[in-house]
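Q: If you read the sequence shown in my numbering, its first letter stands for residue 56, the second for the next number, and so on.
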Amino acid sequence: MTGRCALLALALVAACATPPAEQEGVRVPAFVDHHVHVFNVGWWLRESQRTDPAYVAAGGATSEAEVVARAAAAAKAAPGGLVTGFGWSQDAWGTPMLPTSVALSAAVPDVPVAMARTDGHALWVNDAALKRAGLKTGGRGVLLERQTEPVLALVPAPSDDAIVEAWRLGAEALADRGVTRAYDAGVLALPGIAALNTDFGRYVRLLAAADDARPLPLQLFLMIPAPSPYAEEVLAMKPAARQLSPNVRITHLKLFADGALGSRGAALSHPYADDPHTTGVLRMYAPEIAEWSRRAIDAGIDVATHAIGDEAVHQVLDAYEAVLRARPDVEPTRLRIEHFSYASEVDMVRAVRLGVALSVQSNFNTPRGVSPTFAGQRVGVAGAPRVYAWDRLSQMGAVLVEGSDYFGEPGAPLLGMYYGLVGINAVGERGDSPEVRQELLRLNTAWLAPGGALQAPVDAAKAKAGFVLLSGDPLTVPAESLLTIRVPGPARQPR
Ligand SMILES: [Zn+2]
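1. In the DSSP output, what is Ser300 paired with across the bridge?
2. Cβ of Leu255 within 7 Å of any heavy atom in ligand 1?
3. Beta-carbon separation of Ala169 and Val197 under 8 Å?
4. If you follow the beta strand (DSSP E) that Ala263 is in, where does it begin and where does it stop?
5. With the cut-off set at 8 Å, would you say Glu393 and Ser417 are in Cβ contact?
6. Which same chain residues end up closer than 7 Å to Gly136 when comparing Cβ atoms and leaving out the 5 residues on each side of it in sequence?
7. For Gly247, count the other beta carbons within 10 Å of its own beta carbon; 16 or more makes it buried, fewer makes it exposed. Which is it?
8. Is it buried or exposed for Glu539, if we count other Cβ within 10 angstroms and need 16 for buried?
9. Could you give the distance in angstroms between the alpha-carbon of Gly189 and the alpha-carbon of Pro427?
10. For Glu464, which beta-bridge partners are listed by DSSP?
11. Where does Gly452 land, buried or exposed, given buried means 16+ other C-beta within 10 angstroms?
12. Return the chain-ordered list of same chain residues with a C-beta closer than 6 Å to the C-beta of Gln298, the five sequence neighbours on each side being excluded.
13. Taking C-beta to C-beta, are Ser324 and Asp365 nearer than 8 Å?
14. Which stretch, first to last residue, makes up the alpha helix (DSSP H) that contains Ala472?
15. DSSP state of Gly140, grouped into three classes?
16. Go through the residues and name those whose CB comes closer than 6 Å to any heavy atom of ligand 1, in chain order.
17. Are the beta-carbon atoms belonging to Pro280 and Leu261 less than 8 Å from one another?
18. So Val163 and Ala126 are in contact, right, with Cβ under 8 Å, and what is the actual spacing, rounded?
19. Please identify the residue among Ala133, Phe522, Leu495, Gly486 whose C-alpha is closest to the C-alpha of Leu470.
20. In whole angstroms, give me the CA-to-CA distance for Val407 and Pro84.
21. Name the two residues that bound the continuous beta strand (DSSP E) containing Met170.
22. Quick one: grab the DSSP three-state call for Tyr375.
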């Protein structure tokens with residue numbers, strides 16, 4: 056959405072719905088993002104506009120040595136302070152192995168360094184950071200999942216103004232891409248890790264106050280990470296109190312069953328193909344997931360559980376199955392599995408039978424022609440066809456919802472649709488066809504409302520849920536051109 060319309064009060068939204076350019080664009084229903092980290096997108100945009108000398112932008116580095124050199128340079132700007140960073144990946148360095156603390160500690164012996172991996176689930180630290188956090192040194196140097204929390208506690212919390220600025224930048228970036236409704240999957244602790252020792256309540260209250268002061272350009276539906284003190288507060292709220300401001304509403308508790316494939320924190324039922332010493336990190340077992348889910352459902356809140364590896368998916372399905380058995384009247388789509396990246400055949404069938412919602416990210420897929428695939432390296436060739444296989448799940452009858460999972464640089468408006476089409480496991484036997492395009496467009500515009508009702512606007516002309524105008528037709532352009540389609544006009548808010 057352009058700044059002009061973003062500034063208008065909600066009462067004037069109708070005026071924005073008929074821009075002069077309307078005749079020239081291709082009208083489609085407004086986009087929905089079912090899983091995105093709005094604050095962190097905005098923080099990334101904010102950092103990219105500033106040059107904080109003690110911050111390492113590690114994306115684009117092609118070797119461990121390159122990131123270590125950048126950290127050493129940053130440490131000179133932060134004597135006695137702290138160097139943070141975001142965006143490194145050992146895959147971009149051409150090695151399967153995670154880095155250790157050895158080279159980093161040698162290059163930066165005195166200043167603590169903490170740099171988040173690009174997947175938001177691993178923190179690369181030096182001995183000085185471990186020491187200051189009260190942890191043992193001499194370990195591997197990369198902390199996974201909840202191990203990261205003592206080091207993350209060293210990172211100073213941002214100011215109120217910086218938090219509000221990041222929320223708004225993130226919301227505007229999504230609105231500019233034609234998104235009118237988004238589920239926020241939780242604030243990631245700076246420099247960008249899914250941690251639970253964050254004051255989520257503070258971030259949320261600042262967001263709602265910002266929306267009250269000047270309306271956000273889209274509607275945000277918040278997932279609150281649990282266990283956390285704020286999740287307890289939210290459970291105790293009266294349902295009406297969870298509508299915090301005109302465009303901000305708390306709708307879900309967010310649980311984490313495991314980590315990510317990139318840092319081998321995703322919990323597998325077998326050893327990793329490229330590191331047989333590990334099967335990943337299970338953060339929660341079925342009984343704990345079931346207990347939190349029951350509490351949420353009974354309090355009128357929906358549940359979204361992060362599960363990437365097949366063992367994590369298995370635990371979540373065990374939990375959800377138990378909850379649905381104990382509460383047979385509950386709409387199964389009130390229970391979501393975030394990512395559902397890798398599952399056994401049996402669990403794919405079970406997810407469909409239970410009718411729980413599967414939140415998928417088509418843009419995680421490796422484009423066809425790239426070999427070996429990322430998924431193949433991690434889980435092995437036998438399991439690879441069962442990773443990010445949205446089309447297969449769709450044909451089995453799964454309830455799918457699409458999200459970007461952006462928590463850094465946001466991509467093109469139709470990035471998800473592009474990867475949904477060209478990804479290795481994306482479109483199985485069907486290939487690119489008008490039906491598949493139509494289905495992908497539906498996937499990116501359907502709306503799973505809080506409470507579990509799935510609404511699929513197929514006709515943009517009648518789309519009460521809002522619409523956007525695109526610079527090209529996503530149903531007919533060559534697949535590569537999906538990446539260049541823009542959203543020239545403002546999106547119309549759903550009302
Ligand atoms: Zn996420």
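Cβ coordinates follow ideal geometry from the N, Cα and C atoms, glycine included.
A: Working from what's here:
1. For the purposes of this step, residue 300 is taken as the residue at position 245 of the sequence shown. In DSSP, Ser300 forms a bridge with Val303.
2. Counted from its first residue, the sequence shown places residue 255 at position 200. Checking the sequence shown, residue 255 turns out to be Phe, not Leu. False, no ligand heavy atom lies under 7 Å from that Cβ.
3. Counted from its first residue, the sequence shown places residue 169 at position 114. Counted from its first residue, the sequence shown places residue 197 at position 142. No, they are not a contact pair.
4. As a position in the sequence shown, residue 263 is number 208, starting the count at 1. Premise fails: Ala263 lies in the alpha helix (DSSP H), 255 to 268, not in any beta strand (DSSP E).
5. Taking the first residue of the sequence shown as 1, we reach residue 393 at position 338. Taking the first residue of the sequence shown as 1, we reach residue 417 at position 362. Annotated as distal: Glu393 and Ser417, with beta-carbon spacing of 8 Å or more.
6. Numbered from 1 along the sequence shown, position 81 holds the residue referred to as residue 136. If the five residues before and after Gly136 are omitted, its C-beta is found closer than 7 Å to the C-beta atoms of Ala109, Val166, all from its own chain and listed in chain order.
7. Taking the sequence shown and counting its residues from 1, one reaches residue 247 at position 192. Buried, since its Cβ has 16 or more Cβ neighbours within 10 Å.
8. As a position in the sequence shown, residue 539 is number 484, starting the count at 1. According to the sequence provided, residue 539 is Thr. The question's Glu does not apply to it. Burial call: exposed.
9. Translated into the one-based positions of the sequence shown, residue 189 becomes position 134. Translated into the one-based positions of the sequence shown, residue 427 becomes position 372. Using only the alpha carbons, I get a separation of about 40 Å.
10. Looking up residue 464 in the sequence shown gives position 409. Checking the DSSP bridge columns, you'll see Glu464 has no partner listed.
11. Taking the first residue of the sequence shown as 1, we reach residue 452 at position 397. So Gly452 ends up on the exposed side.
12. Residue numbering aside, residue 298 sits at position 243 when the sequence shown is read from its first letter. Correct list, in chain order: Arg304.
13. Taking the sequence shown and counting its residues from 1, one reaches residue 324 at position 269. Taking the sequence shown and counting its residues from 1, one reaches residue 365 at position 310. Yes; because the gap between Cβ atoms is below 8 Å, this pair is in contact.
14. Indexing the sequence shown from 1 puts residue 472 at position 417. Inspection of the sequence shows that residue 472 is occupied by Met rather than by Ala. Its alpha helix (DSSP H) spans residues 470 to 477.
15. Counting from one through the sequence shown, the residue named residue 140 turns up at place 85. Reduced to three states, the DSSP call for Gly140 is strand.
16. Matched residues: His90, His92, Ala240, Asp460.
17. In the sequence shown, counting from the first residue as 1, residue 280 sits at position 225. In the sequence shown, counting from the first residue as 1, residue 261 sits at position 206. Result no, Cβ atoms of Pro280 and Leu261 do not sit closer than 8 Å.
18. By 1-based counting over the sequence shown, the position of residue 163 is 108. By 1-based counting over the sequence shown, the position of residue 126 is 71. About 6 Å separates the two Cβ atoms, so the contact holds.
19. The sequence position of residue 470 within the sequence shown is 415, counting from 1. The option with the nearest alpha carbon to Leu470 is Leu495.
20. By 1-based counting over the sequence shown, the position of residue 407 is 352. By 1-based counting over the sequence shown, the position of residue 84 is 29. The straight-line gap from Cα to Cα measures roughly 26 Å.
21. Counted from its first residue, the sequence shown places residue 170 at position 115. Run containing Met170: 168 to 172, per the beta strand (DSSP E) assignment.
22. Counting from 1 along the sequence shown, the entry for residue 375 is found at position 320. Correct three-state label for Tyr375: helix.
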